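Report on the structure given below.
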Amino acid sequence: MTDEHGPGRVTAEFREVYGTEPDGVWAAPGRVNLIGEHTDYNDGFVMPLALPHTCLAAASPRTDGVLRLHSGDVPGGAVELRVEELSPVAGGAGGGDRGGWAAYPAGVVWALREAGLLTGGAGGADLHFESTVPTGAGLSSSAALEVVTATALNDLYGLGLTPPRIAQLCQRAENAFVGVPCGIMDQMASACCTEGHALFLDARDLTQRQVPFDLAAEGLRLLVVDTRVKHELGDGAYASRRAACEAAARALGVRALRDVPFEGLDATLAELERLGCDAATRRRVRHVVTEDRRVEEVIQRLDAGDTRSIGPVLTAGHASCRDDFEISCEELDLVVETANAAGALGSRMTGGGFGGSAIVLVAEGDADAVSKAVTEAFGAAGHRAPRIFPAVPSAGARRL
Ligand code: GAF
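The numbering of the sequence shown is numbering that gives the first Met the number 0, which starts it at 0 and goes up by one.
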């Protein structure tokens, strides 16, 4: 973000680790999602914006098929792998360590190879990473790591991939190589967002629109509140939410829940009950269908130039995540309740849930009071102090 943590430093570190100059330095950002949670894998709508926090990669190609990966954020030397030997079964990242950080960039190289984009002994590279995207905060530090890898390799090898194609390959790396059943939102946000905009994305066909999101011009601020908790439950619960949505779509005979019309929602829920779907699954369906509608509502309000009025829609989105999708937690609920009571225009959890971050829309003049109220409420409840910072809509992946 700054010179201290920027291209100069990452280049110097590359030199120290590998003993040569890198060919270049690339950046890919983390994100917050304004609205549209758990809708992406239901072929629905999302609306993320990129943060100024980025994962940087200094990189050079190699001709011997060796991939070396080093991170300034993780202790230890470079992980060395052979591109032709990368396989999801072995995990690829240092002898089956599928949970390790190197699985993300290694998975991207694997996905490029599987797509037939790396041939012969090509595809080797030296990469050094440094990131300012908080990890474990639901701000897509993994997607930033994947997308910066793919963007660097795209340039180094002259692959000619578009940003959406890069996002798809990164999602494949995460699904099939790392083993996380995520949707496409985070990778699309990191690859495609632009400064001063939120990205309205149709996750079915990846049609996108850059929606101007100039908070300062309207005297507003969007705060990110990182609760600094991540509940264990999260990983399995994401997969089970996804499975419930897919089962409901199958029961209804539609391709995805995106195809369930908002207007006929009550009838659809009654039909699901008749088909034997349990009450929890019916609530999941209600969340997805109403959340898609909330994305459309937010778009309409932003198009009408009325950013303030999206506040209650954000808060309604939180209630739906909490009550129908059941992915919130005590800390996230506390942020929303406290911020709204202290004068915020609206707030909600953002990202996968079970911890991580919330966003708070607030008039500039109220930002300090709201931040203070949230911090005090965390103290009173015995929670660690949250990290609070403004979300400034920033650029997507790029060469620096
Ligand atoms: C995580 C996933 F990676 C995304 O694809 C998305 O489903 C999100 O949770 C919930 O909206 O960030």
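For glycine and all other residues, C-beta sits at the position ideal for the given N, C-alpha and C. Computed from a predicted structure; not experimentally measured.
- Around the beta carbon of R254, a 10 Å sphere encloses fewer than 16 other beta carbons of the protein chains shown; the residue is thus reported as exposed.
- Between the alpha carbons of D322 and P392 lies a gap of roughly 29 Å.
- When DSSP states are grouped into helix, strand and coil, S140 belongs to the helix group.
- Relative to the non-hydrogen atoms of the ligand GAF, the Cβ of D185 comes within a distance shorter than 7 Å of at least one.
- The alpha-carbon of L126 is positioned some 10 Å away from that of R61.
- In its chain, beyond the 5 residues on either side, P87 have a beta carbon closer than 6 Å to the beta carbon of A175.
- DSSP, read as helix, strand or coil, puts G159 in coil.
- In the structure shown, F388 adopts extended strand secondary structure according to DSSP, grouped into three states.
- Nearest C-alpha to A396 among P28, W100 and V82: P28.
- Excluding its 5 nearest sequence neighbours in each direction, C181 has C-beta neighbours in its own chain below 6 Å: E173, listed in chain order.
- With respect to the C-alpha of A56, the residue from V78, D72, L48 and V24 having the closest C-alpha is V24.
- Rounded to whole angstroms, V65 and E84 show a C-alpha spacing of 10 Å.
- About 6 Å separates the beta carbons of R283 and R240, which is inside the 8 Å limit, making them a contact pair.
- A distance criterion of 7 Å places the beta-carbon of D42 beyond contact range of the ligand GAF, judged by its closest non-hydrogen atom.
- The Cβ-Cβ distance between S356 and T267 does not fall below 8 Å.
- The DSSP assignment places 196-201 as complete runs of the beta strand (DSSP E) inside the stretch 178-206, in order along the chain (cut-off: 3 residues).
- Taking a C-beta distance under 8 Å as the contact criterion, N339 and T314 qualify as a contact pair.
- In this structure G218 is in contact with E363, their Cβ atoms being roughly 5 Å apart against a cut-off of 8 Å.
- Cα atoms of S59 and A124: separation of roughly 6 Å, rounded to the nearest angstrom.
- Pairing Q299 with L198, the inter-Cα distance amounts to about 14 Å.
- A149 is positioned such that its CB atom lies closer than 8 Å to that of V107.
- Using a C-beta cut-off of 8 Å, the stretch 188-203 makes no contact with the stretch 335-351, since fewer than three inter-stretch Cβ pairs fall below that distance.
- Taking 7 Å as the cut-off, the C-beta of C181 counts as close to a heavy atom of the ligand GAF.
- Judged by their CB atoms, L271 and A26 are not nearer to each other than the 8 Å cut-off.
- In this structure, V210 lies away from I387, with their beta-carbon atoms at least 8 Å apart.
- In the DSSP secondary-structure assignment, F128 is bridged to A56 and S70.
- Along the length of the stretch 325-385, whole alpha helix (DSSP H) runs at least 4 residues long occupy 329-340 and 366-379, reported in chain order.
- Per DSSP, the continuous alpha helix (DSSP H) segment holding E270 begins and ends at L264 to R273.
- In the three-state scheme derived from DSSP, where H, G and I count as helix and E and B as strand, P211 is classed as strand.
- A Cβ-Cβ contact shorter than 8 Å links S319 with E290.
- Taking non-hydrogen atoms of the ligand GAF into account, the C-beta of N174 is found less than 7 Å away from none of them.
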